[in-house]
Amino acid sequence: MTDAELEALVKLIGPARHAVIGTAADPDSRADGERIAEAWGGLVLATVTWPETAASWLRQARRFAAPDPDVWVVSATPAGWAGMSRRLRLSTTWSPHRTVVTEKSAEIRLPGLRGARADGTTWED
2 MTDAELEALV
12 KLIGPARHAV
22 IGTAADPDSR
32 ADGERIAEAW
42 GGLVLATVTW
52 PETAASWLRQ
62 ARRFAAPDPD
72 VWVVSATPAG
82 WAGMSRRLRL
92 STTWSPHRTV
102 VTEKSAEIRL
112 PGLRGARADG
122 TTWED
């Protein structure tokens, strides 16, 4: 993740009181999640990590959605985020409208989802 992307993500998180951070299990995604939490500086209710492949992602999806934060923040590989977002939509009250994602997670586009690109520009579906 670039510094410009990190700065844009923090702006997208904005004045949220609390967040849940979700990452893929790979070292880069986990490090990005830690950088986001540190740069934002707000209350992180939970950090949830999920594998690239899983039988259902149900356990991780429930842990990710349960705290019902002001914002969910995602840094994950496209394959892992595809499976996790599908499970979130099917099995939880998670909302893409309250979710921001890193550029590497942006391949999975959902109505209301927002994200930042490496150059610091942002997008919203």
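Residue numbers for the sequence shown follow the working numbering, so the first one is 2 and each next one is one higher. From the three backbone atoms N, C-alpha and C, an ideal C-beta is built for every residue, glycine too.
With a Cβ-Cβ cutoff of 8 Å, do residue i and residue j count as a contact?
i	j	result
S30	T78	yes
R115	T123	yes
P72	I37	Contrary to the premise, residue 72 reads as Val rather than Pro in this sequence. Taking 8 Å as the Cβ cut-off, V72 and I37 do not qualify as a contacting pair.
E6	A119	yes
When the Cα atoms are used, what is the spatial distance from residue i to residue j?
i	j	result
G84	W51	10 Å
W41	I14	8 Å
R28	S57	First, the amino acid is wrong: residue 28 is Pro here, not Arg. C-alpha separation (whole angstroms): 22 Å.
A62	V102	16 Å
A55	K12	32 Å
Less than 8 Å between the CB atoms is what I'm expecting for residue i and residue j, so what's the real figure, rounded?
i	j	result
E53	A20	Not a contact, Cβ separation roughly 23 Å.
How should residue i be labelled, buried or exposed, when 16 other C-beta atoms within 10 angstroms of its C-beta is the threshold for buried?
i	result
D33	buried
Who are the near neighbours of residue i in its chain, counting only those whose CB is closer than 8 Å to its CB and skipping five residues on each side?
i	result
T94	A66, D69
Sorted by chain position, which residues of the same chain lie with C-beta nearer than 6 Å to residue i's C-beta, five sequence neighbours on each side aside?
i	result
R1	Only positions 2 to 126 of the chain appear in this structure, which leaves residue 1 out of reach.
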